[in-house]
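Below is one structure, written out as structure tokens; comments come after it.
In this note's numbering, the protein residues as written are 240 to 616.
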């Protein structure tokens, strides 16, 4: 979208046109962690005239913004913690006061709305606490339909947690349909499980037919490209953090090797390249390269390496961000949609090569704080 405003693309049977983006407003998430082909993203991001972000930490996303609103963490604000299949609903109470000039998201948007003359339309006369009460009461009828009787908000907030274990039943996939297919049809044209979709087939997509079928990936070990890049990189979720959250914490850093994310590779692949446990290695392909710490193992297949996601993007040069010093796998992944049907993520289809990094390793600067200049009152 940022590269090609005005270009058409297909998605789920329809043709769309990429708009021209004049402003990015990002609250929650870290695109310079999870997006593919990060060098390409940096160039595309710079084409946008204005970027505003809410951030708690000095991530790459904050560095790439024109305006950074310091936002509170979950430890500094009131909220309700719950997800559909979780057992507990949690009253999230602040553990500390907001640090520095940090505000919660509602306060930031309220202040902006006030400057735009629409504060009342935004708040609807409710404080954040009042919104929590409203949302709690709003979900009460849906909870009843699921067989859950919620306590009063005051009781919930005083107790701090509500256990729905006594109300919850195991989730059985398509339970009602299996019990009575006629009374509970599926949301398919026939109301049944369909192996073939005439609707999807009618789209005529060459990368996604009307039934499940194998399509050759853009990059895989069975392709000619594997002669140049003979290792398939898998990027799983890290066990020391959630995605990239709190990558600067002591727990996350304790798992790094010489300050860099560990990459697991088979001993045969490492020995062939003169790589030993703990060496700094360069992982590379035609899109870019990153440095990581080698971990040798017999528990990974020869021909594959594993570099977990989550290392904060830390290019050696922001002017030419083709080498990440910290071990972010998305400097290597290809930025394409999985198919014209889904346009989903295709990050796991990635071929690379690895070599021992023999030059002096550049310092990791992902966690270096900016120089703050305070304006006079």
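Virtual Cβ for every residue (Gly too), placed ideally from N, Cα, C. Owing to the predicted nature of the structure, the values given are computational and were not obtained by experimental measurement.
- Residues 551, 553, 565 of the same chain have their beta carbon placed closer than 6 Å to that of residue 605, with the five preceding and five following residues left out of the count.
- The bridge partners DSSP lists for residue 529 are 522, 563.
- Nearest in C-alpha terms to residue 270, of all of 613, 248, 302, is 302.
- The beta-carbon distance between residue 526 and residue 278, rounded to whole angstroms, is 7 Å. This is short enough to meet the 8 Å contact definition.
- For residue 328, the closest alpha carbon among the candidates 337, 406, 513 is that of 406.
- Note on the segment 294 to 326: whole alpha helix (DSSP H) runs with a minimum of 4 residues are 299 to 302, in chain order.
- In this structure, the CA atom of residue 495 is about 14 Å from the CA atom of residue 529.
- In the DSSP assignment, residue 266 falls within the beta strand (DSSP E) that extends over 262 to 266.
- Residue 456 holds the alpha-carbon nearest to the alpha-carbon of residue 577 among 503, 456, 571, 352.
- Between residue 502 and residue 531, the alpha-carbon positions lie close to 6 Å from each other.
- Within its own chain, the residues whose Cβ lies closer than 6 Å to the Cβ of residue 295, once the five positions on either side in sequence are excluded, are 310, 312, listed in chain order.
- Just so you know, the alpha carbons of residue 592 and residue 544 end up roughly 9 Å apart.
- One Cα belongs to residue 589, the other to residue 334, and the distance between them is close to 42 Å.
- In its chain, beyond the 5 residues on either side, 392 have a beta carbon closer than 6 Å to the beta carbon of residue 372.
- Between the beta-carbon of residue 514 and that of residue 533 there is about 5 Å, and that keeps the pair under the 8 Å contact cut.
- For the pair of segments examined, the segment 284 to 291 was found to touch the segment 262 to 276: the number of CB pairs separated by less than 8 Å reaches three.
- According to DSSP, residue pairing for residue 484 in a beta bridge involves 481.
- Every beta strand (DSSP E) stretch that sits fully inside the segment 435 to 507 and reaches 3 residues is listed by chain position as 470 to 473, 501 to 505.
- Shortest Cα-Cα distance from residue 608 to any of 240, 299, 283, 465 involves 299.
- Contact between the segment 436 to 448 and the segment 504 to 521 is absent: fewer than 3 CB-CB pairs across the two stretches fall below 8 Å.
- Residue 322 sits away from residue 395, with the two beta carbons spaced by 7 Å or more.
- Scanning the segment 324 to 357 for uninterrupted alpha helix (DSSP H) segments of 4 residues or longer gives 344 to 354, listed from N- to C-terminal end.
- Taking 7 Å as the cut-off, the beta carbon of residue 499 is found no closer than this to the beta carbon of residue 594.
- In the DSSP assignment, residue 591 falls within the unbroken beta strand (DSSP E) covering 590 to 595.
- Of the candidates 574, 582, 519, the residue whose Cα lies closest to the Cα of residue 599 is 519.
- Buried is the label assigned to residue 523, since at least 16 other Cβ atoms lie within 10 Å of its Cβ.
- Residues of the same chain with a CB within less than 8 Å of the CB of residue 459, apart from the 5 flanking positions on each side, are 465, 471, 588, 590 in chain order.
- Cβ neighbours of residue 280 within its own chain (closer than 6 Å, five residues either side excluded): 274.
- Sequence-distant partners of residue 255 (beyond 5 residues in either direction) whose C-beta falls short of 8 Å from its own C-beta, in its chain, are 247, 248, 249.
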